[in-house]
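Novice: Here it is: the structure, laid out below.
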Amino acid sequence: MRRRLPSLAPLLAVAAACSRAPSADLVAYGRVWTGDPAAPWAQAVASRGDTIVAVGDSVTVAPLVGEATRVLRGAMVVPGFMDGHVHFLDAGHQLASVDLRDAATPEEFVGRLKAFAAERQPGEWILGGKWDHERWPGGPLPRREWIDSVTPNNPVFVERLDGHMGLANSAALKAAGITRGSAEIPGGTIVRDPRTGEPTGVLKDEAMGPVYRVVPPASAGQDDAALARAMRHANARGVTAVASVSSPWSELAAFRRARAAGTQTVRVALYPSLALWREVADSVAAAGPGDDWIRLAGVKGYVDGSLGSGTALFDEPYADDRATSGLLVTPEDSLRRWTGAADSAGLQVIVHAIGERANRVMLGIFDSVARAHGPRDRRFRIEHAQHLQPADVPRFAAIGVLASMQPFHAADDGRWAHKRLGPVRIRNSYVFRSLLDAKARVAFGSDWPVAPIDPLWGIWAAVSRRTLDDRHPEGWIPEQKITVEEALAAYTGANAWGVFAEARRGTLATGRVADFVVLDRDLTRVEAEQIRTATVLATVAGGRVVHEAAR
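Note that numbering that gives the first Met the number 0 gives residue 441 to position 442 of the sequence shown, counting from 1, and the numbers run on in steps of one.
Pasting the structure below:
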């Protein structure tokens, strides 16, 4: 009689189960752009908790799909978009304020303010706006007389979309103490009627300060609501992290409350004012800079204003106003002193510079501070780097300065910038290609709420160089076009490097944080015009699906 051996199948099944890796919480399928030049493409990404556990082909990742695994599918998967330059809390407040961005005429501008004011309580300030006088026939600057009669019960201060110029009604001017007899403010301009000398209501750059100093601060509850709006809006556009600049202390407090409540869905690196470098340094020394979700990253200063407001600082006068070449918003000696002090304190310093002269001034300050203080990983940044003389382009790489740029601005400014700069100077605008060819690091952002927080539109603008008025079908300054992959890198890895987060974010690899975006099309395989109409199917931040498009 043959002795019957027990079956080995149950034992083998148990052994297999014991050796099998735990299931992933999320798996995303699509053509995966990893952001890693050594292995740029894959077919799937898997995450468990807040960490990526596998990136590879579908066969490799398939064993990680269990009964509880959530599967996301799309045409393309990319690292979570990072916006390198926003005013995040301010943008959240703007989402609930009057929207004047696309008002096409002065009459529409006034009509929108009238309708909004009718729903406000008497005495309530009306802020935000983001108007653009370049859209209006003839491009006239607004005047307080336009809006006084439709806002009789409310002080009003509505900004131009770039935030460097605003219109106050008479009630706001009175509250701020701005009159015909007011002295000019260094670094700013009170625009006056040339016949009477009376303020027109338009204030530029530092001249806006007296108004903002009398605006009541938002409550904690209002800030929390604004932050929640901003995070939802950003997540829907694939944004998982931002660098929020010129940030008030109240923004840090709002993010901390969201973190404590478990509602934070956008990572943030915060940059308060350069003038506050000592307070920032003390805070970092006492409590550390933060972590992957909230980081007090450094300080942010200003050299000049903006092109649209005629306050960006150039070597030569504006083509449409020979009386000015722009404004030095912060005195050069203050910039030099504060930058040196902040750098000595170990802080990262980032500075707004738009005009060619402003960029040259700041590159010189960064260079002298770095030479004086010796080598360290400081990662200076110039925010905007919008108009550069060719001789200054290689200095970014030589000094180690990140160019933090906003490609949507190129699509917008290209409609009218020739009026400000003329046909020669304009060729030195938004020189993405030249900077990359000179081995500079280039990171992209939006400047939200100045421009929409939408990386897909930014990628479209950088790749196509087309303008919003469709007058440049082959591209505005087309020699500065870059590739889709270069634009993706500027919205991911370069921004991670810009906030000292490249060890954990910016690329898709095992062990990195699970921040990624699922798109409905492969951006590298469609015409440029189809990039801006792509849909974000899902956004994952820290391993959580924080946005999913309606099917």
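The beta carbon of each residue, even a glycine, is placed where N, CA and C say it ideally should be.
Predicted, not measured: the structure shown is a model, and the values here were computed from it.
1) With 16 other CB atoms within 10 Å as the buried threshold, where does Ser57 fall?
2) Skipping 5 residues on each side, what residues in its chain have a beta carbon closer than 7 angstroms to that of Val441?
3) Closer than 8 angstroms is the cut-off here; do at least three beta carbon pairs connect the region 413 to 433 with the region 510 to 518?
4) Could you check where the beta strand (DSSP E) with Gly165 kicks off and where it finishes?
5) Could you give the first and the last residue of the continuous beta strand (DSSP E) run that contains Leu202?
6) In the DSSP assignment, find the beta strand (DSSP E) that holds Ser445 and state where it starts and stops.
7) Round the Cβ separation of Gly304 and His163 to the nearest angstrom and send it over; I've been treating them as touching at under 8 angstroms.
8) Assign Pro62 to one of two classes, buried (16 or more other C-beta atoms within 10 Å of its C-beta) or exposed (fewer than that).
9) Taking the continuous beta strand (DSSP E) assigned at Trp40, which residues delimit it?
10) Does the pairing of the region 308 to 323 with the region 460 to 470 give three or more beta-carbon distances under 8 angstroms?
11) I'd like to know if the region 372 to 383 and the region 334 to 349 are in contact, where contact means that at least 3 CB-CB pairs between them fall below 8 angstroms.
12) Alpha carbons only, please: which of Pro472, Arg531, Val348 and Val392 is nearest the one belonging to Gly497?
13) Since Leu295 and Leu251 are thought to touch, with beta carbons under 8 angstroms apart, how far apart are those beta carbons, to the nearest angstrom?
14) With a CB to CB cut of under 8 angstroms and the five nearest residues on each side skipped, what residues in its chain are close to Ala14?
15) Give the straight-line distance between the Cα atoms of Leu549 and Leu467, rounded to the nearest whole angstrom.
16) Where in the region 216 to 259 do unbroken runs of the beta strand (DSSP E), each at least 3 residues long, occur, reported from the N-terminal end onward?
17) Write down every uninterrupted run of the alpha helix (DSSP H) in the region 382 to 455 whose length is 4 residues or greater and which is fully enclosed by it, in chain order.
18) Which residue from Lys418, Ala257, Arg336 and Ala410 puts its Cα closest to that of Arg321?
19) Counting contacts by CB-CB distance shorter than 9 angstroms, is Asp204 in contact with chain C?
20) Nearest-angstrom Cα distance between Thr509 and Ser243?
21) Please say whether Arg159 and Gly325 have beta carbons closer to each other than 9 angstroms?
22) The beta strand (DSSP E) spanning Trp32 covers which residue range?
23) Given this structure, state the Cα-to-Cα distance separating Ala229 from Trp124, to the nearest angstrom.
24) Examine the Cβ distances between the region 169 to 178 and the region 203 to 217 and report whether three or more of them are shorter than 8 angstroms.
25) What's the call for Tyr317, buried or exposed, on a 16-neighbour Cβ count within 10 Å?
26) Out of Val149, Glu205 and Val267, point me to the one whose CA is closest to His86's CA.
27) Of the residues Gly83, Pro185 and Val44, which one's Cα is nearest the Cα of Thr506?
28) Taking Gly300 as the reference, which of Gly354, Val241 and Met361 has the closest Cα?
29) Use the C-beta contact count for Lys203: other C-beta atoms within 10 angstroms, 16 or more gives buried, fewer gives exposed.
30) Near Leu562, what residues of its chain come up, given a Cβ to Cβ distance below 8 angstroms and the 5 sequence neighbours on each side ignored?
31) With distance defined between alpha-carbon atoms, name the residue in Arg30, Val70 and Thr534 nearest to Gly55.
32) Please list, in chain order, all residues of the same chain as Pro577 whose beta carbon is under 7 angstroms from its beta carbon, the five residues on each side excluded.
33) Once the 5 residues before and after Asp319 are set aside, which same chain residues still bring their CB inside 7 angstroms of it?
34) Which residue or residues does DSSP assign as beta-bridge partners of Met75?
35) First and last residue of the alpha helix (DSSP H) that includes Gly339?
36) Nearest by alpha-carbon distance to Gly354: which of Asp366, His232 and His386 is it?
Specialist: On the basis of the coordinates in this document:
1) Counted from its first residue, the sequence shown places residue 57 at position 58. So Ser57 counts as exposed.
2) For the purposes of this step, residue 441 is taken as residue 442 along the sequence shown, with counting starting at 1. Excluding sequence neighbours, Val441 sits near Ala402, Met404, Phe431, Leu434, Leu435, Ala489 and Ala493.
3) no
4) In the sequence shown, the residue the question calls residue 165 occupies position 166. Counting along the chain, the beta strand (DSSP E) containing Gly165 begins and ends at Met164 to Ala167.
5) As a working mapping, residue 202 is identified with position 203 in the sequence shown. Element bounds for Leu202: Pro198 to Asp204.
6) Position 446 of the sequence shown, counted from the first residue, corresponds to residue 445. Note, Ser445: premise wrong, no beta strand (DSSP E); not H, not E.
7) In the sequence shown, residue 304 corresponds to position 305, counting from 1. In the sequence shown, residue 163 corresponds to position 164, counting from 1. Contact holds; Cβ gap of about 4 angstroms.
8) Looking up residue 62 in the sequence shown gives position 63. Result: exposed.
9) Numbered from its first residue, the sequence shown carries residue 40 at position 41. Taken as a continuous stretch (DSSP letters only), the beta strand (DSSP E) holding Trp40 covers Trp40 to Arg47.
10) no
11) yes
12) Within the sequence shown, numbered from 1, the residue matching residue 497 stands at position 498. Closest option to Gly497, Cα to Cα, is Val348.
13) Counting from 1 along the sequence shown, the entry for residue 295 is found at position 296. Counting from 1 along the sequence shown, the entry for residue 251 is found at position 252. Contact holds; Cβ gap of about 7 angstroms.
14) Within the sequence shown, residue 14 is the residue found at index 15, counting from 1. Below a pLDDT of 50, predicted positions are generally treated as unreliable, and Ala14, at 37, falls in that range; the measurement from the model is reported next regardless. Counting only Cβ-Cβ distances below 8 angstroms, and skipping sequence neighbours, we find nothing.
15) Here residue 549 corresponds to residue number 550 of the sequence shown, with the count starting at 1. Here residue 467 corresponds to residue number 468 of the sequence shown, with the count starting at 1. Strictly speaking, residue 549 in this sequence is Ala, with Leu absent from that position. So the two alpha carbons sit approximately 28 angstroms from each other.
16) 238 to 244
17) 392 to 398, 406 to 412, 416 to 424 and 431 to 436
18) As a working note, residue 321 is residue 322 in the sequence shown. When only C-alpha atoms are compared, the closest one is Lys418.
19) Protein chain content of the structure displayed is limited to a single chain, and chain C is not contained in it.
20) Position 510 of the sequence shown, counting from 1, holds the residue named residue 509. Position 244 of the sequence shown, counting from 1, holds the residue named residue 243. In a straight line, the C-alpha of Thr509 is about 28 angstroms away from that of Ser243.
21) Along the sequence shown, read from residue 1 onward, the residue named residue 325 stands at position 326. Along the sequence shown, read from residue 1 onward, the residue named residue 159 stands at position 160. No, they are not a contact pair.
22) The residue given as residue 32 occupies position 33 in the sequence shown. That run of the beta strand (DSSP E) goes Leu25 to Trp32.
23) Counting from one through the sequence shown, the residue named residue 229 turns up at place 230. Counting from one through the sequence shown, the residue named residue 124 turns up at place 125. Computed Cα separation, rounded: 21 angstroms.
24) yes
25) Taking the first residue of the sequence shown as position 1, residue 317 is located at position 318. Classification of Tyr317: buried, given that the 10 Å Cβ count is 16 or more.
26) Residue mapping note: residue 86 aligns to position 87 of the sequence shown, counting from 1. Measuring from the Cα of His86, the nearest candidate turns out to be Val267.
27) Locating residue 506 in the sequence shown gives position 507, counting from the first residue. The shortest Cα separation from Thr506 among Gly83, Pro185 and Val44 belongs to Val44.
28) For the purposes of this step, residue 300 is taken as residue 301 along the sequence shown, with counting starting at 1. Checked all of Gly354, Val241 and Met361; the closest Cα to Gly300 is Met361.
29) As a first step, residue 203 must be located in the sequence shown, where it is residue number 204. Buried: at least 16 other Cβ atoms inside 10 Å.
30) One cannot answer for residue 562 here, as it falls past the ends of the chain, which runs 0 to 550.
31) For the purposes of this step, residue 55 is taken as residue 56 along the sequence shown, with counting starting at 1. The candidate whose alpha carbon is nearest that of Gly55 is Arg30.
32) Residue 577 lies beyond the range of the chain shown here (0 to 550); nothing can be said about it.
33) For the purposes of this step, residue 319 is taken as the residue at position 320 of the sequence shown. Result list for Asp319: Lys418 and Arg419, in chain order.
34) Stepping through the sequence shown from its first residue, residue 75 is reached at position 76. Bridge partners of Met75: Arg30 and Leu518.
35) Counted from its first residue, the sequence shown places residue 339 at position 340. Note, Gly339: alpha helix (DSSP H), Glu331 to Ser343.
36) Numbered from its first residue, the sequence shown carries residue 354 at position 355. Of the candidates Asp366, His232 and His386, the one whose C-alpha sits nearest the C-alpha of Gly354 is His386.
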